[in-house]
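Count along the sequence shown starting at 1, add 59, and that's the number in this note's numbering. Ideal Cβ placement from N, Cα and C applies to all residues, glycine included. Following: one structure in structure tokens, then a few remarks.
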Amino acid sequence: MNRNDTVREVAERLSIAEIIGEYVSLKRSGSNFLGLCPFHGEKTPSFNVNPAREIFHCFGCGAGGDIFSFVMKIEGISFPEALRKLAARAGVAIEDRPLTDAEKQLKTERDQQRAIMLLTAQHYRETLTRQPEGAVARSYLQEREVDPETAAAYGLGYAPERRDTLIQLLRAKGLPLEQAEQLGIIRRGDRGWYDLLHHRLIFPIRDKQGQPIGFAGRVLDNSLPKYINSPESPLYRKSSVLFGVDLALRDIRQSGTAIIVEGYFDHLALYRAGIRNALATCGTALTDGHISLLKKHAQRVCLLFDGDNAGRKATVRAMELCLEQALPVYVINLPQGEDPDSLLQKHGVEAFNQRVAAAKPAFEQFLHWLLAKTPADSIDQRVRLMDEIIPRFQRIKDPVERDLYQKEICRLLGVDLQAFRRRLAGQRDQQQPAAQRQTATKPVTQTIARDSTQETMLGLLAAYPEARLEIRTLDLQQLFDQQHLPLAQAILAAGEGEHDGPLWPEVLARLEQEQQKELVARLLIQDQHLAGIDWRAALRQCLKRQKQGETRGLKQIALRLATLPEDSEEYQELLKTADQLRNQKSAL
Numbered sequence: 060m061n062r063n064d065t066v067r068e069v070a071e072r073l074s075i076a077e078i079i080g081e082y083v084s085l086k087r088s089g090s091n092f093l094g095l096c097p098f099h100g101e102k103t104p105s106f107n108v109n110p111a112r113e114i115f116h117c118f119g120c121g122a123g124g125d126i127f128s129f130v131m132k133i134e135g136i137s138f139p140e141a142l143r144k145l146a147a148r149a150g151v152a153i154e155d156r157p158l159t160d161a162e163k164q165l166k167t168e169r170d171q172q173r174a175i176m177l178l179t180a181q182h183y184r185e186t187l188t189r190q191p192e193g194a195v196a197r198s199y200l201q202e203r204e205v206d207p208e209t210a211a212a213y214g215l216g217y218a219p220e221r222r223d224t225l226i227q228l229l230r231a232k233g234l235p236l237e238q239a240e241q242l243g244i245i246r247r248g249d250r251g252w253y254d255l256l257h258h259r260l261i262f263p264i265r266d267k268q269g270q271p272i273g274f275a276g277r278v279l280d281n282s283l284p285k286y287i288n289s290p291e292s293p294l295y296r297k298s299s300v301l302f303g304v305d306l307a308l309r310d311i312r313q314s315g316t317a318i319i320v321e322g323y324f325d326h327l328a329l330y331r332a333g334i335r336n337a338l339a340t341c342g343t344a345l346t347d348g349h350i351s352l353l354k355k356h357a358q359r360v361c362l363l364f365d366g367d368n369a370g371r372k373a374t375v376r377a378m379e380l381c382l383e384q385a386l387p388v389y390v391i392n393l394p395q396g397e398d399p400d401s402l403l404q405k406h407g408v409e410a411f412n413q414r415v416a417a418a419k420p421a422f423e424q425f426l427h428w429l430l431a432k433t434p435a436d437s438i439d440q441r442v443r444l445m446d447e448i449i450p451r452f453q454r455i456k457d458p459v460e461r462d463l464y465q466k467e468i469c470r471l472l473g474v475d476l477q478a479f480r481r482r483l484a485g486q487r488d489q490q491q492p493a494a495q496r497q498t499a500t501k502p503v504t505q506t507i508a509r510d511s512t513q514e515t516m517l518g519l520l521a522a523y524p525e526a527r528l529e530i531r532t533l534d535l536q537q538l539f540d541q542q543h544l545p546l547a548q549a550i551l552a553a554g555e556g557e558h559d560g561p562l563w564p565e566v567l568a569r570l571e572q573e574q575q576k577e578l579v580a581r582l583l584i585q586d587q588h589l590a591g592i593d594w595r596a597a598l599r600q601c602l603k604r605q606k607q608g609e610t611r612g613l614k615q616i617a618l619r620l621a622t623l624p625e626d627s628e629e630y631q632e633l634l635k636t637a638d639q640l641r642n643q644k645s646a647l
């Protein structure tokens with residue numbers, strides 16, 4: 060079975076509505092299912108799933124495709140990984156192609172690395188639960204009221220006081236110490252190899268699949284440093300991993316809310332209380348990568364950091380990142396001197412849930428903190444406050460939210476709205492050169508521009524075999540631009556045999572680029588107007604519109620050529636474009 064056959068069989072065996080329904084709350088809406096898009100923040104559902112055609116499309120952000128596209132986007136994995144994941148669920152065997160020598164070496168190294176991390180996690184876990192050396196850590200967990208079931212869910216372990224127990228285990232298993240060194244769990248000094256972590260309670264850091272990729276070791280007393288975290292490695296990228304992600308994703312998707320805490324024990328306290336939609340930072344500040352991960356699964360983020368200055372700075376920084384990516388962000392406020400563990404112990408889960416429900420929008424909380432620290436009681440103070448507020452305000456994407464906050468800021472500061480806007484415009488002008496430089500270096504996401512004429516012809520190609528026969532006699536490269544041409548070619552290739560009905564499932568199996576699949580999804584959601592029409596008349600109208608558009612283009616080029624010197628580079632480029640348009644016109 061070739062890859063296309065495998066893709067088709069997996070898609071036929073699985074229901075896209077069922078798979079997406081595990082990530083998104085869907086409700087029936089006619090022949091489609093409707094829900095809030097998991098790929099961008101929205102309050103009104105614009106995310107459509109069509110079970111008959113096995114596609115999804117969001118009218119808000121344009122995301123779309125088939126079941127593989129969805130799993131790739133929501134899990135952040137490649138197509139081969141998505142195919143394997145879904146094939147395993149569908150019970151379809153995948154025939155592997157022979158690997159190149161470089162791929163074999165990379166796979167061997169990665170398999171060894173994962174084996175080392177799994178063995179290390181098991182070693183720490185067994186030491187905690189079964190070995191005499193683990194008694195001190197067992198007593199510590201008992202004092203912290205961590206029950207065995209919770210400890211097992213996290214895979215908690217203990218690193219013994221000796222600095223060579225892991226070294227000996229790796230040698231006994233024949234695993235290369237150099238690989239373990241790359242993973243940051245052992246080190247080599249002047250006196251030889253030694254374990255990085257010793258006499259510490261171990262929190263395994265796991266990926267979304269629950270596989271260990273790093274470790275955090277906590278002291279059992281008040282010595283410093285309190286935590287030692289694994290360094291970055293081939294398996295562990297701190298900027299894209301949050302602690303507890305394997306335990307929390309399902310509940311985050313179902314609730315739409317991700318609670319972010321700072322500490323491992325804060326996370327553990329919430330989990331123990333049955334609050335399962337929490338994640339923790341792994342000893343680092345939140346990054347753009349973390350926010351991108353959260354956007355795939357959560358509709359909003361609630362920050363629960365310490366109430367000290369460091370915690371507030373971390374909250375403001377996280378707010379800035381969320382605003383930049385248009386992810387709604389709130390702040391949970393706890394009573395003075397309380398942390399999640401103490402609040403839950405004293406007042407129970409209901410009191411905590413009330414705090415979550417009363418969470419303030421992060422920007423509103425930022426304004427409250429700022430004015431509490433610096434009252435707006437003088438002209439100088441008001442100017443300083445505006446300069447502090449404006450850089451954060453500029454990150455707000457929603458125009459209605461921006462308008463409302465402008466008025467609220469002016470009310471709080473006691474300044475005129477026009478004065479605030481002038482100050483805002485002045486800061487924007489100062490920042491413009493830097494913004495332009497960022498734009499020049501920032502990679503541009505490729506999207507397919509809307510062209511109703513070409514999209515209609517693609518719909519006709521898929522829906523009507525006679526239209527395929529007629530268009531085969533024309534020059535495709537003259538009919539379609541470089542964005543739409545691959546899809547037209549895929550439709551014609553899929554339609555070479557005998558088919559009843561639309562060809563979209565066959566076409567989707569042939570496409571690899573996600574932009575092309577998004578275009579297919581958009582066409583499928585909106586192609587009802589093509590059913591039962593006179594395809595010949597529709598095709599003639601499309602060709603006529605193209606011809607008229609090219610005539611207008613030639614006139615505009617002629618006007619521009621009249622103003623340019625003949626030896627200029629732009630003049631020569633426009634001549635080439637004019638020739639191409641004339642050729643297209645003659646072909647039509």
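Selection from Ile-226, Glu-220, Arg-203 and Arg-441 that minimises the alpha carbon distance to Tyr-323: Nearest option by C-alpha distance: Arg-203.
One question on the structure: do Gly-269 and Ser-299 come within less than 8 Å of each other, judged by their Cβ atoms? no
Using 10 angstroms around the beta-carbon of Glu-628, count the other beta-carbons present and answer buried if the total reaches 16, otherwise exposed. exposed
Should Lys-132 be labelled buried (16 or more other beta-carbon atoms within 10 Å of its own) or exposed? buried
May I have the straight-line CA-CA distance separating Val-278 from Asp-254, to the nearest angstrom? 15 Å
Beta-bridge partners of Leu-93, as assigned by DSSP: Lys-86 and Asn-107
May I ask you to report which of helix, strand or coil DSSP gives Asp-347? In this structure, Asp-347 counts as helix in the three-state DSSP scheme.
Here's the rule I'm using: 16 or more other beta-carbon atoms within 10 Å means buried, otherwise exposed. How should Leu-476 be labelled? exposed
Kindly say whether Pro-104, judged by its beta-carbon, lies nearer than 8 Å to any beta-carbon of chain D. The structure shown has no chain D; it contains just one protein chain.
Helix, strand or coil: which one does DSSP assign to Lys-354? helix
Is Tyr-330 helix, strand or coil by DSSP? helix
Give me the Cβ distance between Phe-98 and Phe-115, rounded to the nearest whole Å; I'm assuming they're in contact under 8 Å. That pair is no contact at about 10 Å.
Which residue comes first and which comes last in the beta strand (DSSP E) that contains Arg-265? 259–265
Have a look at the DSSP bridge pairing and note the partners of Thr-316. Arg-359
First through last residue of the alpha helix (DSSP H) which encompasses Tyr-523: It is not in any alpha helix (DSSP H) - Tyr-523 carries neither H nor E in the DSSP assignment.
Could you have a look at Leu-634 and say whether DSSP puts it in helix, strand or coil? helix
Cut-off 7 Å between Cβ atoms - residues of its own chain near Leu-567, not counting five sequence neighbours on either side: Asp-125, Lys-576 and Val-579
How is Cys-341 classed by DSSP in three states: helix, strand or coil? Coil at Cys-341, not helix or strand.
With which residues is Gly-124 paired in a DSSP beta bridge? Phe-115
Please confirm if the segment 236–244 is in contact with the segment 210–221, defined as three or more CB-CB distances below 8 Å between the two stretches. no
Segment limits, beta strand (DSSP E) that includes Asn-288: Annotation: the continuous beta strand (DSSP E) that includes Asn-288 extends over 286–288.
Curious, which full-length alpha helix (DSSP H) runs of at least 4 residues does the segment 404–440 contain? 421–432
Take Leu-403 and list the residues in its own chain whose beta-carbon comes closer than 7 Å to its own, dropping the five residues that flank it on each side. Ala-328, Ala-332 and Phe-411
Between the Cα of Thr-343 and those of Arg-335, Arg-376 and Gly-366, spot the shortest distance and give me the residue it belongs to. Arg-376
May I ask you to list the residues that DSSP assigns as paired with Asp-254? Looking at the DSSP assignment, Asp-254 forms a beta bridge with Ile-245.
Alpha-carbon to alpha-carbon, Ile-261 and Ala-337: 19 Å
Cys-601 versus Leu-517, Ala-416 and Arg-184, residue with shortest Cα-Cα distance: Leu-517
Taking Cβ to Cβ, would you say Ser-292 is nearer than 8 Å to Gly-243? Yes. Within cutoff.
Straight-line Cα distance separating Ile-391 from Arg-441: Taking the straight line from one Cα to the other gives about 27 Å.
Spatial neighbours of Arg-259 within its chain, please: C-beta separation below 8 Å, excluding the five flanking residues on both sides. Tyr-217, Ala-218, Gly-276, Arg-277, Val-278, Leu-279 and Ile-287
When you compare the CB positions of Leu-234 and His-182, do they come within less than 8 Å of one another, or not? no
With which residues is Phe-302 paired in a DSSP beta bridge? Residue pairing by DSSP places Phe-302 opposite Ala-339 in a beta bridge.
Closer than 6 Å by C-beta to Arg-414: which residues in its own chain qualify, once you throw out the five before and the five after it? Chain order, please. Ile-391
Looking only at its chain, what residues have a beta carbon closer than 7 Å to the beta carbon of Tyr-82, apart from the 5 residues adjacent to it on each side? So the list reads Pro-97, Ile-133 and Arg-312, once near-sequence residues are dropped.
Given a cut-off of 8 Å on the beta-carbon distance, is the pair Asn-109 and Ile-592 in contact? no
Assuming Glu-447 and Leu-429 are in contact, meaning their beta carbons sit under 8 Å apart, how far apart are those beta carbons, in whole angstroms? So it is a contact: roughly 6 Å between Cβ atoms.
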